[in-house]
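This report concerns only the one structure given below.
Protein chains in written order, with the numbering used here: chain S, 1 to 385; chain D, 1 to 385.
If you want it as structure tokens, here you go:
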């Protein structure tokens, strides 16, 4: 096992009916800014639940944070928060709203150009406004970690950043808020969670037996409950398991003490920046290709994955790995998420563009051994077409 | 899944050579009191490592905290901490030292009789001194939770208490500190961890698939690595897995959202209070008996345990459950921990005494359904002889 530090102070309040307790979690006397996205929380009643719970408190609202939250939008909110002297943010929504709120939390007290929060990967963050979240879309894990992604379309940029001050103080996870989500968003969220787990699991073995088994437990639960979530949108236990899977998939726990990859995510971010493709769809395309291209480097863990997750026990190593990758691809497709760029109308002209963007963003040594170069990425993308 | 709250702010610093970084975790200017046990940390060099790391800081020491930490001993430390105006405690040792230090942390600022911290199960705790830990014995999980046990031999009492202010600020987990532990302590620790997990796993199903699989991951790791830990005391990865298992077995995570039992622990505490029997040994005796006596109430989870943990696939329900209990017993015995009271020279005269003590401590409705009465305990103890 590798040496590690693990610290996660976010308070999780999980279950039916928990939104009504949200006011207790926010310090008395706070000037609260509720942030949200495109208005679906108006339609499904979640915004009403939140404002009802905050009755009698000092509350402002900022809506319109888009999927892949945009720098220009977020800066409008930063100006509002500064001019109104807001001192607590409450993000109500999915990963994009929460990530955007993290950017706002870091930018409000930031001296200098806020874009450097992103270009420094968070190293330039000093302090942040405290914030909580009410999660409505299980996918990114942002509700219990200190990382985020921000986009700036004018620069074709989608960049990750993180900072110890960017853990939510609390997150309310009520699985019933997900009942009305479109199937496409549930599917994307399942793929996102699945790939968060594989980024921390499919590397090389370090005898981290607990981390491996926890990762496998999340993958098996996604495989079992993902399809049911689509068929039975109001199956509470299934939605609860998906929500808790998404949170535990990226809260630092399963990655503590083991190598981590993240190349699939980095390549996926560039595809989103260039073509606006949903995050989950980029991952469904890149992961199977990357696993195939990196089968030597990941051999031991891929064989473990084949056996423990897919029950594959026959054939030589390569046959087992091929079968596991095929099962992975079939699982994503069964959720309605396509696994080839052609299905999204993207041709091989993306290959030089993605490679160039990675270089531009300084992402030239990716993967658990920092040996995935833009040239390796070209080979991977050839397998994504 | 049941509704739950989960919050665990303890910072974990895990790995070889981490003790030397401990000073960074303690606020500058603190008056630090290092607490420890019987002196084994003097012999194995851990105390030297800690005092070396704290060179130049304001440090006092208090040694002599015994296994099942004793109220009278702890109160001497409370007096020292008060008179010396200590403002940070650093526990160096196993669960007993950490539990004792939690009692000290709560007692120092306590108004009134400190024993009521225990008799109120922690409800009377107001604030606590901050404290960190350097763990040297994987077993109790106390290094990453807010609970503790304190004993008062003059009253035949061993009582649990807990409070939100009693999480360690940090815990340093260096697996190499466990290399010199006697085999008996390693074995007791494995049993303790195993039973922490089963208390949260072997109840009734609530579709908490992740909690189940995480619990199973810990049990399987203990079963695989426990015997190797005894044969190869300096196998780093094995000791690392045991240490991380012990911490994750009782840090709140696997019990969040699922029913919990704890009857084995409560009965075990009374056996320790009456006969001084090691905590791990009491659990090894009580668990198999309790599982057999409660097979109807726990049927679904016992069958899952039989299949997923022990690979038992044949026979009717009762045969599978019997086989799983037999495997559990054999596992404990293989570690050198006996599973019958007779092996420890305790006869059936313990039965009325344990039942009486439970009544005296108000512990008359135990288990995940609060239906284990002192009469049920009598039946369980009959199976322990």
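All C-beta atoms, glycine included, are put in the ideal place defined by N, C-alpha and C.
In chain order, 9 make up the part of chain S whose C-beta sits under 7 Å from the C-beta of residue 9 of chain D. Put simply, the backbone Cα of residue 42 of chain S is about 7 Å away from that of residue 48 of chain S.
Residue 352 of chain D is classed as exposed because its beta carbon has fewer than 16 other beta carbons within 10 Å across all chains shown.
By the 16-neighbour rule on beta-carbons within 10 angstroms, residue 209 of chain D is buried.
For a cut-off of 8 Å, the C-beta gap from residue 200 of chain S to residue 255 of chain S is around 4 Å, short enough to register as a contact.
Apart from the 5 residues on each side of it in sequence, residue 220 of chain D sits with its Cβ closer than 7 Å to the Cβ of 309 in its chain, given in chain order. The C-alpha of residue 253 of chain D lies about 8 Å from the C-alpha of residue 211 of chain D. With a cutoff of 9 Å on beta-carbon distance, residue 273 of chain D and residue 166 of chain D are scored as not near each other.
Taking a C-beta cut-off of 7 Å against chain D, the contacting residues of the stretch 233-265 of chain S are 237, 240, 241, 244, 245, 248, 257, listed in chain order. Interface annotation for the stretch 190-223 of chain S against chain D: 207, 209, 210, 213, 214, 217, 218, 220, 221, criterion Cβ-Cβ distance under 7 Å. In the DSSP assignment, residue 174 of chain S falls outside any alpha helix (DSSP H) and carries neither an H nor an E.
Within the same chain, and ignoring the five residues on either side of residue 132 of chain S in sequence, the residues whose Cβ sits closer than 8 Å to its Cβ are 22, 25, 26, 88, 89, 90, 91, 168, 169, 170, 171, 172. The beta strand (DSSP E) runs lying completely inside the stretch 77-161 of chain D and spanning 3 residues or more are 88-93, 131-135, 147-152, given in chain order. Comparing alpha carbon positions, the residue from D:177, D:364, D:304, D:298 closest to residue 204 of chain D is D:298.
Contact between residue 192 of chain D and residue 140 of chain D is confirmed by a C-beta separation of about 6 Å, below the 8 Å threshold. Per DSSP, the beta-bridge partners of residue 60 of chain S are S:33. In the same chain as residue 302 of chain D, and ignoring 5 residues on each side of it, the C-beta atoms closer than 7 Å to its own belong to 202, 291, 295, 321, 324, in chain order. Closest option to residue 99 of chain D, judged by alpha-carbon separation, among D:121, D:68, D:84, D:80: D:68.
For a cut-off of 8 Å, the C-beta gap from residue 243 of chain S to residue 175 of chain S is around 5 Å, short enough to register as a contact. Contacts between residue 5 of chain S and chain D, judged by CB atoms closer than 8 Å, involve 11, 12, 13, 14 in chain order. In the three-state scheme derived from DSSP, where H, G and I count as helix and E and B as strand, residue 13 of chain S is classed as strand. For the set S:343, S:86, S:251, S:111, the Cα lying nearest the Cα of residue 57 of chain S is the one of S:86. The beta carbons of residue 108 of chain D and residue 81 of chain D sit closer together than 9 Å. In this structure, DSSP gives residue 4 of chain S an extended state, which the three-state scheme calls strand.
Residue 225 of chain D and residue 241 of chain D have their C-alpha atoms spaced approximately 8 Å apart. In chain order, 227 place their CB closer than 8 Å to the CB of residue 334 of chain D, counting only its own chain and leaving out the 5 sequence neighbours on each side. Within the stretch 280-312 of chain D, no residue places its CB atom closer than 7 Å to a CB of chain S. Per DSSP, the unbroken alpha helix (DSSP H) holding residue 268 of chain S starts and ends at 263-275.
If you ignore the 5 residues before and after residue 238 of chain D, its C-beta comes within less than 7 Å of the C-beta of 225, 228, 229, 232, all in its own chain and listed in chain order. Taking a Cβ-Cβ threshold of 8 Å, the residues of chain D close to residue 225 of chain S are 209, in chain order. When DSSP states are grouped into helix, strand and coil, residue 335 of chain D belongs to the coil group. At least 9 Å separates the beta-carbon of residue 71 of chain S from that of residue 138 of chain S.
Identification of residues in the stretch 13-39 of chain S having a C-beta nearer than 9 Å to some C-beta of chain D yields 13, 14, 15, 16, 17, 18, given in sequence order. For the options S:206, S:236, S:251, S:234, the alpha carbon positioned closest to that of residue 218 of chain S is the one of S:251.
Per the coordinates, the alpha-carbon of residue 64 of chain D lies some 9 Å from the alpha-carbon of residue 74 of chain D.
In the DSSP secondary-structure assignment, residue 70 of chain S is bridged to S:151.
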